[in-house]
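**Student:** Would you mind keeping the following structure in view while I ask a few things?
See the structure below:
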């Protein structure tokens, strides 16, 4: 039996990037806001100080910053014929937890999606014809255009102080930047990070092969920066402990280093930590959210009424909460009907490892940052002709090696090296400093398909007795073809760097839940123009429950060949603007359909 | 929802119109506003409001003195447990003469020896403001001192020795700004209460005014114009920025001073902050010769520890990251003759103050668990003598003492 609390104007579920952004926007609007977050409070100096944060075992292998599967997990299967089983240790992706969410442990690659990514279905159909797309591919347009989102990308980049080199300023292509990017209204707030040796060498090789390399846009800052909210960040020290780690010296853009200090000073903001929302409550007619029910760390259940509910959890848990709360209709892969759980997707990453003569090359991989790197975008999106290739999609590729951490780095050895013993030791010694191992050198897209989806598991329950989310996911022929093509192109560049041996590792099926790929899951509560195939309208407002807005990558109808955070944050600002300028004046559906 | 403070005050003033205890003259908005500002300048809330309490001025916050603990009194208009039943004269005398109701003597943890510089009008303005805050029923027994200090009569002798009553008198030949600064520093801001050394009886050593003193494990540093350990290298604008935002290139307010910035100086007018800077820059420093360099082996070990543990934030050369980590090269706090603050910060870490102008509140993590006494001594000695800095070496036994151990 839950106890009812005094109502708030806004309840926010989850205090990661989107929760922090929305809390900032809604409190600026003068609303009384409470954020409910199931993880702990996290603070730079007390939770990941420089004296112990570079601990690969603690953070990388033992998942210090991540959700514990005993607290919340999911079940997995590749296809409808299998029985899904629970995930008991994270593998293919990592799930953030606590203040800052996944924004604490991200690498801070701050890419924008390309303009035609938002019109993927109509663009590809127009260029290649409808028959070019596989029959079971369910990609669709987003309902929003790049130019609508541009001011919001800009806002997030200036919040973060993103370091980069513009490639397209108001339509004019710039030297040294990404010539394929959409027009940006002004340069990056800070110049690109300096690049280590192997990253520089990659760029030189790419240039010789006729490509146009550029520095990866980075949320690890090249210089000190104070953002428009007055919050200060420090310059990156290239320590190489970014992804999986909290940044110890305020150099990585996270909610902690950009928004939370300001939010905490506001009298109309409150955060309740270690409190897990179990349900979004609906009015009896099901057309209005009345608030949320949550359980605190002592097991006490509370009801928090609110006028406006903002669902800002991670993609998987957004979908799970919608399903558990009976909002929208669950997707059925057999009929293709229903919206919640539809168009789930991930990413198709691969790499090619280059082994170099250690008497000529010492790459010193320790000098790095999470989003260091020189990249090319020639093979992303529809920047190249797919006609003769027989697949759609693509990805950026680059030397984006982010660290020289020993446990991860020592195992990158030339094919044929014994796995133990004197020869292994010698090979480790010979190769450690002269190997190019980007891990995610090729950052490929992943289309959505009829049978890749999320629903509630019929068997397995969580600690509250609620059904776990069930993931049904496999890689399709289109993505495997794409990965083979891209990885080959990437290996050519590594070879041109002067590698004596290159080991391409294209992505192979079936989809493997145990091997880390990226944490860029998407879809399941997608945005669109048609309530029959989308859960949200273009403002991320629920079609079914107009006082519910759902943030995050769950709104992506399919995944592009870029990291998602910048797009997730830009959509959050875009949605917040719609709430502030339209919804609050006239609460109700912003779009009739 | 955020409202301009003036509106809130107006609302409070309107409410108190109906209150029976309010005297005629205390209804005046400008009087209340003047009193509000003076309570900020005097930092009354630092003691009279419990930390993180929403019951302003209800008292109860412990104040540690060398003689024992006192609890700050309830100064809300509650008639039974606050000062609602006090007459104006009783209030003015308490503030400026250190005599409580019915003539009882206050302890100088209440800085009446500074507030005595206030005029009667100033004191009544504070009274008017305090009448406008919500009354809180909260009984506080202020005197928690052990015998014999619990005998209030002993304050008669203390006052005779150390207390000079009297309203502020401007110094002729000095500018209005200088005199405003003098009034603020020597009067309501009571800077000397922390920054002037005390003798064994807790009396102020007036010959060493503002030359620094220890409190709560920190050093309240020398704030005269002394070039080696005071504000000699600070420009007036840097002093203003520090008081307003809590941060300059070479300093970040934390500990007790962080609290002062948050509650008091960050909320003062720029004009007053400039006046303070003008006055402090005119306070002569003490001449002391620069000290010889510390032993080379200590510097080498310290340099190695610095590179491993400190340089990520403070840079290889002790330079500042604006708004984030204060520079160590040239820092007066780092080079203070007494290393108390530096050792405290290394051992325990600290969070700098957040202000509206500088909301980041960056923190220095604790290294007390990681470095032993010798290592802390080595690294602090190193930063005190690297990059042009010069200050006496820190001994391992100083570190042990700072940890609360007998070396």
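Chains as they are written, first to last, in our numbering: chain A, -15 to 577; chain B, 65 to 471. Here a beta-carbon is modelled for each residue, glycine too, at the ideal position from N, C-alpha and C.
Take residue 452(B) and list the residues in its own chain whose beta-carbon comes closer than 8 Å to its own, dropping the five residues that flank it on each side.
**Tutor:** Taking the first residue of the second chain as 1, we reach residue 452(B) at position 388. Excluding five sequence positions before and after residue 452(B), the CB atoms of its chain that fall closer than 8 Å to its own CB belong to 393 and 394, given in chain order.
**Student:** Under 8 Å, CB to CB, which of the residues in the segment 385 to 416 of chain B have a partner in chain A?
**Tutor:** 385, 386, 387, 388, 389, 413 and 415
**Student:** Is there at least one Cβ from chain B nearer than 8 Å to residue 216(A)'s Cβ?
**Tutor:** Here residue 216(A) corresponds to residue number 232 of the first chain, with the count starting at 1. Answer yes: the Cβ-Cβ gap between residue 216(A) and chain B drops below 8 Å somewhere.
**Student:** Using 8 Å as the threshold, is the C-beta distance between residue 464(A) and residue 493(A) below it?
**Tutor:** Along the first chain, one-based indexing puts residue 464(A) at 480. Along the first chain, one-based indexing puts residue 493(A) at 509. Contact flag set, yes.
**Student:** What are the partner residues of residue 204(A), as DSSP defines its beta bridges?
**Tutor:** In the first chain, counting from the first residue as 1, residue 204(A) sits at position 220. Paired residue(s): 236(A).
**Student:** Interface residues of chain B around residue 223(A) at Cβ under 9 Å?
**Tutor:** For the purposes of this step, residue 223(A) is identified with residue 239 of the first chain, where counting begins at 1. Those are 376, listed as they occur along chain B.
**Student:** Can you check whether the C-beta of residue 246(A) is within less than 8 Å of a C-beta belonging to chain B?
**Tutor:** One-based indexing of the first chain puts residue 246(A) at position 262. For residue 246(A), the answer is yes, since a Cβ of chain B falls inside 8 Å of its Cβ.
**Student:** Taking 8 Å as the CB-CB limit, is residue 353(A) close to chain B?
**Tutor:** Here residue 353(A) refers to the residue found at position 369 of the first chain. It does not: the Cβ of residue 353(A) has no partner Cβ on chain B nearer than 8 Å.
**Student:** Just to confirm, is the Cβ distance from residue 153(A) to residue 129(A) under 8 Å?
**Tutor:** Taking the first residue of the first chain as 1, we reach residue 153(A) at position 169. Taking the first residue of the first chain as 1, we reach residue 129(A) at position 145. Not a contact, by the Cβ cut-off of 8 Å.
**Student:** When DSSP labels each residue in this structure, what does residue 274(A) get in the three-state scheme?
**Tutor:** To locate residue 274(A), count along the first chain from 1; it is residue 290. Strand at residue 274(A).
**Student:** Going along the chain, which residues of the segment 433 to 451 of chain B sit with their C-beta nearer than 7 Å to a C-beta in chain A?
**Tutor:** Result list: 434.
**Student:** For the alpha helix (DSSP H) containing residue 408(A), name the first residue and the last one.
**Tutor:** The sequence position of residue 408(A) within the first chain is 424, counting from 1. Run containing residue 408(A): 406 to 415, per the alpha helix (DSSP H) assignment.
**Student:** Closer than 6 Å by C-beta to residue 538(A): which residues in its own chain qualify, once you throw out the five before and the five after it? Chain order, please.
**Tutor:** Locating residue 538(A) in the first chain gives position 554, where the first residue counts as 1. The answer, listed in chain order, is 299, 302, 303, 508 and 509.
**Student:** Suppose the cutoff is 7 Å on Cβ atoms and the five residues either side in sequence are ignored; what does the same chain contact list for residue 386(B) look like?
**Tutor:** Numbered from its first residue, the second chain carries residue 386(B) at position 322. So the list reads 313, once near-sequence residues are dropped.
**Student:** The segment -1 to 29 of chain A: which residues have C-beta closer than 8 Å to a C-beta of chain B, in chain order?
**Tutor:** 14, 15, 16, 27, 28 and 29
**Student:** Would you please verify whether the beta carbon of residue 564(A) is less than 8 Å from any beta carbon of chain B?
**Tutor:** The count along the first chain starts at 1 and reaches residue 564(A) at position 580. No, residue 564(A) does not count as interfacial toward chain B.
**Student:** If you compare alpha carbons, which of 415(A), 187(A), 571(A) and 166(A) is closest to residue 347(A)?
**Tutor:** Here residue 347(A) refers to the residue found at position 363 when the first chain is read from its first residue. Checked all of 415(A), 187(A), 571(A) and 166(A); the closest Cα to residue 347(A) is 415(A).
**Student:** Using a Cβ cut-off of 8 Å, pull out every chain B residue sitting near residue 208(A), in sequence order please.
**Tutor:** Position 224 of the first chain, counted from the start, is the residue given in the question as residue 208(A). Within chain B, the residues near residue 208(A) are 385, 386, 387 and 388.
**Student:** Considering just the uninterrupted stretch of the beta strand (DSSP E) at residue 127(A), what are its terminal residues?
**Tutor:** Here residue 127(A) is taken as the residue at index 143 of the first chain, counted from 1. First-last for residue 127(A): undefined, no H or E at that position.
**Student:** Helix, strand or coil for residue 184(B), going by three-state DSSP, please let me know.
**Tutor:** The residue labelled residue 184(B) in the question sits at position 120 within the second chain. DSSP places residue 184(B) in helix when its eight states are reduced to three.
**Student:** Would you say residue 249(A) faces chain B, with C-beta separation under 8 Å as the test?
**Tutor:** Within the first chain, the letter at position 265 stands for residue 249(A). Yes, residue 249(A) counts as interfacial toward chain B.
**Student:** I'd like to know whether the C-beta atoms of residue 521(A) and residue 95(A) end up nearer to each other than 8 Å.
**Tutor:** Position 537 of the first chain, counted from the first residue, corresponds to residue 521(A). Position 111 of the first chain, counted from the first residue, corresponds to residue 95(A). It is not a contact, given that the beta carbons lie outside the stated cut-off.
**Student:** Counting only C-beta atoms, is residue 431(B) closer than 8 Å to chain A at any point?
**Tutor:** Taking the first residue of the second chain as 1, we reach residue 431(B) at position 367. Judged by the 8 Å Cβ criterion, residue 431(B) is in contact with chain A.
**Student:** Counting only Cβ pairs nearer than 8 Å, list the residues of chain A close to residue 426(B).
**Tutor:** Counting from 1 along the second chain, the entry for residue 426(B) is found at position 362. By Cβ distance, chain A contributes 28, 29, 216 and 234.
**Student:** Scan the segment 527 to 557 of chain A for residues whose Cβ lies nearer than 7 Å to a Cβ of chain B and list them as they occur along the chain.
**Tutor:** For the segment 527 to 557 of chain A, the set of residues with a beta-carbon nearer than 7 Å to any beta-carbon of chain B is empty.
**Student:** Could you give the distance in angstroms between the alpha-carbon of residue 351(A) and the alpha-carbon of residue 229(A)?
**Tutor:** Here residue 351(A) corresponds to residue number 367 of the first chain, with the count starting at 1. Here residue 229(A) corresponds to residue number 245 of the first chain, with the count starting at 1. C-alpha separation (whole angstroms): 16 Å.
**Student:** Whole angstroms are fine: how far does the CA of residue 82(A) sit from the CA of residue 26(A)?
**Tutor:** The residue given as residue 26(A) occupies position 42 in the first chain. The residue given as residue 82(A) occupies position 98 in the first chain. When rounded, the distance between both Cα atoms is 7 Å.
**Student:** With a threshold of 7 Å, establish whether the CB of residue 153(B) neighbours any heavy atom of the ligand MN.
**Tutor:** The model depicted lacks the ligand MN and carries no ligand whatsoever.
**Student:** Is the beta carbon of residue 515(A) closer than 8 Å to that of residue 123(A)?
**Tutor:** Within the first chain, numbered from 1, the residue matching residue 123(A) stands at position 139. Within the first chain, numbered from 1, the residue matching residue 515(A) stands at position 531. Contact flag unset, no.
**Student:** When you compare only the Cα positions, how much space is there between residue 576(A) and residue 530(A)?
**Tutor:** Looking up residue 576(A) in the first chain gives position 592. Looking up residue 530(A) in the first chain gives position 546. Cα-Cα distance, rounded: 11 Å.
**Student:** Strictly below 9 Å CB to CB, what residues from chain A border residue 456(B)?
**Tutor:** In the second chain, the residue the question calls residue 456(B) occupies position 392. Chain A residues near residue 456(B): none, gap ~26 Å exceeds 9 Å.
**Student:** Starting from the beta carbon of residue 35(A), find every residue of chain B whose beta carbon is closer than 7 Å, and list them in chain order.
**Tutor:** On the first chain, residue 35(A) is found 51 positions in, with the first residue counted as 1. Ordered by position in chain B, the residues that pass the 7 Å Cβ test against residue 35(A) are 373, 429, 431 and 434.
**Student:** Which residues in chain E have a C-beta closer than 8 Å to the C-beta of residue 421(B)? List them in chain order.
**Tutor:** Considering every chain present, this structure includes no chain E. Its protein chains are A and B.
**Student:** Among 421(A), 518(A), 422(A) and 275(A), whose alpha-carbon lies nearest the alpha-carbon of residue 633(A)?
**Tutor:** Shown here, chain A extends from -15 to 577; a query on residue 633(A) therefore has no answer.
**Student:** Please name the residue or residues paired with residue 26(A) in a DSSP beta bridge.
**Tutor:** Within the first chain, numbered from 1, the residue matching residue 26(A) stands at position 42. DSSP, once it has assigned bridges, lists no residue as partnering residue 26(A).
**Student:** Relative to the C-alpha of residue 92(B), which candidate in 111(B), 135(B), 159(B) and 190(B) has its C-alpha closest?
**Tutor:** Position 28 of the second chain holds residue 92(B). Ranking 111(B), 135(B), 159(B) and 190(B) by Cα distance to residue 92(B) puts 190(B) first.
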